[in-house]
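Just so you know, we're using this note's numbering here: the sequence shown kicks off at 209 and counts up by one. Glycine is no exception: its CB is placed at the ideal position from the N, C-alpha and C atoms. Since the model is a prediction, treat every value here as computed from it, not as a measurement. Below is one structure, written out as structure tokens, with a few remarks after it.
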Amino acid sequence: MEADLRVRAGGDGEPLLLLLHGLGATGDVWSGWWPELANRWPGRWIAPDLPGHGGSPALPEYTFDALAEAVRPLVTGGGPTVVLGHSLGGVVALALAARLPVAAVIGLGIKVAWSDEDLDRAGAMADRPVAWFDSADEAAARHLRVSGLAGLLTPDDPAVSAGIHETGGRWRLALDPRAFGVGKPDMAALVAGTAAAVTLARGEHDPMNTDDQLRQWGVPVVTLAGLGHNAHVESPRHCLELLADHVR
């Protein structure tokens, strides 16, 4: 635990790589990156569970600013920091970069276009009570659906185990459903609000965004061929090329 957050971490020295997962997932979703980082990342890396996810405590209210403030204490040492965030984590990365010096931000799979229907659906999810399940298998299946990882991870994967909790013989998702209410990111303000080098990336088959939607913010856009929304899980080695300027 660091800064009241559950984290996975490794490496030593600088630069620091901060990996931020998407809505419903946990820091363990980056586990496929550990061997690659051991060979190619020259410094430290940290992958926290965002507040209201995994083993990290809930927030009174979920906003991008509040999430960024929660992970801010993880950036220590004064050296260069690179932040790579997926989906929700990508927006949090941008909000964090407005608060402290960051060398680079890579936002992967961010949903930048939101309809009223999208927002209403997310609001309804945020208002739902916690669902309880009679078995870990049922809770794991629900976690995989909610996090968008069904078909990519098996129910016994550590990243799935970290995403469910047991209390009194019943199981629930570790995810605080109120996190769905985080809202629509103000991408123009977020991109303009940091001096960091910003790159937006997406899997070629990601249904949550398009190349044109990402290009409108005036920063480099990278499309990862053959991959979907959870590109970082599908192919860690391919996605590591997003860090090409920083890896060995």
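Rounding to the nearest angstrom, what Cα-Cα distance links residue i and residue j in this structure?
i      : j      : result
LYS319 : MET395 : 10 Å
ALA349 : PRO363 : 7 Å
GLU222 : TRP253 : 9 Å
PRO366 : ARG216 : 12 Å
LEU245 : ASP342 : 38 Å
TRP322 : ARG214 : 30 Å
MET416 : ASN247 : 32 Å
LEU258 : PRO268 : 14 Å
VAL338 : LEU352 : 16 Å
HIS454 : ALA276 : 23 Å
VAL283 : VAL299 : 17 Å
CYS447 : HIS413 : 14 Å
ARG307 : SER443 : 31 Å
GLY436 : LEU360 : 11 Å
LEU228 : GLY377 : 31 Å
LEU383 : THR402 : 29 Å
ARG410 : GLY426 : 15 Å
ASP419 : SER295 : 15 Å
ALA400 : PHE272 : 16 Å
GLY285 : ASP324 : 42 Å
ARG336 : PRO385 : 7 Å
HIS261 : GLY232 : 7 Å
GLY297 : SER355 : 13 Å
MET209 : PRO256 : Only weak support is given to the placement of MET209: the predicted model assigns it a pLDDT of 49, under 50, and the question is left unresolved by the model.
TYR270 : GLY391 : 9 Å
LEU451 : LEU224 : 12 Å
ASP212 : LEU226 : 16 Å
GLU346 : PRO309 : 43 Å
Look up residue i in the DSSP assignment and say whether it is helix, strand or coil.
i      : result
VAL427 : coil
GLU449 : helix
LEU267 : coil
VAL291 : strand
VAL455 : coil
GLU222 : coil
GLY297 : helix
MET209 : Unreliable positioning characterises MET209 in this predicted model, as indicated by a pLDDT of 49, which lies under 50. A coordinate reading is not provided.
State the start and end residues of the unbroken beta strand (DSSP E) segment that holds residue i.
i      : result
LEU245 : Where LEU245 is concerned, there is no enclosing beta strand (DSSP E), although the alpha helix (DSSP H) it sits in stretches over 242-248.
ALA217 : 215-218
LEU231 : Neither: LEU231 is in no beta strand (DSSP E) and is coded neither H nor E.
What residue range does the alpha helix (DSSP H) around residue i cover?
i      : result
LEU275 : 272-279
VAL283 : Looking at the DSSP string, VAL283 is not in any alpha helix (DSSP H), and its letter there is neither H nor E.
ALA255 : Per DSSP, ALA255 belongs to no alpha helix (DSSP H); it is in the beta strand (DSSP E), 252-256.
Is residue i close to the ligand HEM? I mean its beta-carbon at under 7 Å from any heavy atom of the ligand.
i      : result
LEU357 : Ligands in the displayed structure: none, and consequently the ligand HEM is not present.
Within 8 Å (strictly less), CB to CB, does residue i reach chain C?
i      : result
PHE272 : This model lacks chain C altogether, as it is built from one protein chain only.
Next on the checklist: I want to know whether the region 399-407 touches the region 310-318 - three or more CB-CB distances under 8 Å.
Outcome noted: yes
Checklist entry - Can you list the alpha helix (DSSP H) stretches of 4 or more residues lying completely in the region 302-356, in chain order? => result 324-335, 344-354
Checklist entry - Is the region 323-332 touching the region 239-248 in the sense that three or more CB pairs, one from each, lie closer than 8 Å? => result no
Checklist entry - Can you list, in chain order, the stretches of the beta strand (DSSP E) that have 3 or more residues and sit fully within the region 359-446? => result 372-375, 378-381, 405-411, 429-432
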